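Engineer: For the sequence shown, position 24 (counting from the first letter as 1) is numbered 23 according to numbering that gives the first Met the number 0, and the numbering increases by one without interruption. Beta carbons: idealized from backbone N, C-alpha and C, even for Gly. Owing to the predicted nature of the structure, the values given are computational and were not obtained by experimental measurement.
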Amino acid sequence: MQQVEDYLDSIMESAMDEFRLFEQEFNMMSKTEMESLVESAESARKRGKLMEKNCFYCFQKVYRSCNELNHCFYEIILKRSQSTLSSEGSSFFFLESLYLT
0 MQQVEDYLDS
10 IMESAMDEFR
20 LFEQEFNMMS
30 KTEMESLVES
40 AESARKRGKL
50 MEKNCFYCFQ
60 KVYRSCNELN
70 HCFYEIILKR
80 SQSTLSSEGS
90 SFFFLESLYL
100 T
C-alpha cells in the first residue's frame, strides 16, 4: 500500500511540475503577445495623430484657397459691374448686395 501511495505522489508531483512549466510558458507567451499588441496599438495611435495633423493642415490650405478664390470672384464681379455701371445704372449695387448677403 505504501508503494502505491508513493507512486501516486510521484505521479502527482510530476504532473504538478509539468503544469507549473506549462503555466510559466503560457505566461511568457501571453506577456509577449500583450507587448506586441501594445506596440501595435501605440504605433496605430501615432499614425492616427499624424494623420489628424495632416488632415488639419490640408483643411487649412483648402480653406485659405477657397477664401482667396472667393476674393478673386468678388474682384471679378466688382470689375464687371463697374464696367457695366454706366450702361445699366444700379446693377453694381445690386450685384454687390447679392454678393455680400
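For M0, name the three-state secondary structure that DSSP assigns.
Structural biologist: Three-state DSSP puts M0 in coil, outside helix and strand.
Engineer: State the Cα-Cα distance for the pair N26 and M0, rounded to the nearest angstrom.
Structural biologist: Rounded to the nearest angstrom, the two C-alpha atoms are 38 Å apart.
Engineer: Roughly how many whole angstroms lie between the Cα atoms of Q23 and K30?
Structural biologist: For Q23 and K30, the distance between alpha carbons rounds to 10 Å.
Engineer: What does a CB cutoff of less than 7 Å around N53 pick up in its chain, not counting 5 residues either side in sequence?
Structural biologist: If we look at N53 and ignore the five residues flanking it on each side, it has no Cβ neighbours.
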